[in-house]
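Participant:
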Amino acid sequence: INVIAHAMDFVTKIVPLTPGRLACCTRTGALHLVSQPDYALVKSTRLGGFSAMAATFVHDRTLSQAVPGIHAVRSFLAVATTNMRLHVVPTKDWAVRSTLVLPDLVTCLSFSHDDQLLFGG
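All residue numbers for the sequence shown refer to the working numbering, where the first residue is 19 and numbers rise by one.
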């Protein structure tokens, strides 16, 4: 399936993952894992029906064990949505592992590999 030719929704964010893979967030809260260079759909999941405001890929790091349910995840996509939630999606199974309530709307996410901190603003 060619995602570009058969798109049924607007893609709002594209995040490069590992070589040959992209994450595409849509307006209606779908999250697609797409292969390159053919842009074939690999897997999809849902973000609770809310679109992504910000997303970042974290590779070979473990987010703090203070965050419930994600301490064992090594590579994941962190996505902040319009309903002020942070979704953690491991690249291994491409399913939402954890959803956290954010205190405010987040429009930018970044990960510091040196400090192992996820920043949002």
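We treat Cβ as the ideally placed atom computed from N, Cα and C, and that holds for glycine.
#1: Can you look up residue 77 in the DSSP assignment and give me helix, strand or coil?
#2: So, is residue 77 buried or exposed, given that buried needs 16 or more other C-beta atoms within 10 angstroms?
#3: Alpha carbon to alpha carbon, how far is residue 72 from residue 126? Give it in angstroms, no decimals.
#4: Who are the Cβ neighbours of residue 112 in its own chain at under 7 Å, not counting the five residues just before and after it?
#5: Please classify residue 113: does DSSP put it in a helix, a strand, or coil?
#6: Please classify residue 74 as buried or exposed, where buried requires at least 16 neighbouring CB atoms within 10 angstroms.
#7: Is residue 119 near the ligand ADP, going by C-beta to nearest heavy atom under 7 Å?
#8: If residue 95 and residue 107 are in contact, beta carbons under 8 Å, what's the gap, nearest whole angstrom?
#9: Could you pull out every residue in the same chain whose Cβ sits closer than 7 Å to the Cβ of residue 48, ignoring the five residues on either side in sequence?
#10: I'd like to check one pair, residue 136 with residue 129: are the Cβ atoms closer than 8 Å?
Facilitator: Reading off the structure:
#1: Reduced to three states, the DSSP call for residue 77 is coil.
#2: exposed
#3: Cα to Cα, residue 126 sits roughly 5 Å from residue 72.
#4: Counting only Cβ-Cβ distances below 7 Å, and skipping sequence neighbours, we find 51, 61, 63.
#5: coil
#6: buried
#7: Absence of the ligand ADP from the depicted structure is noted, as is the absence of any ligand whatsoever, leaving it without description.
#8: Contact between residue 95 and residue 107 holds: their C-beta atoms lie close to 5 Å from each other, under 8 Å.
#9: 27, 62, 64
#10: yes
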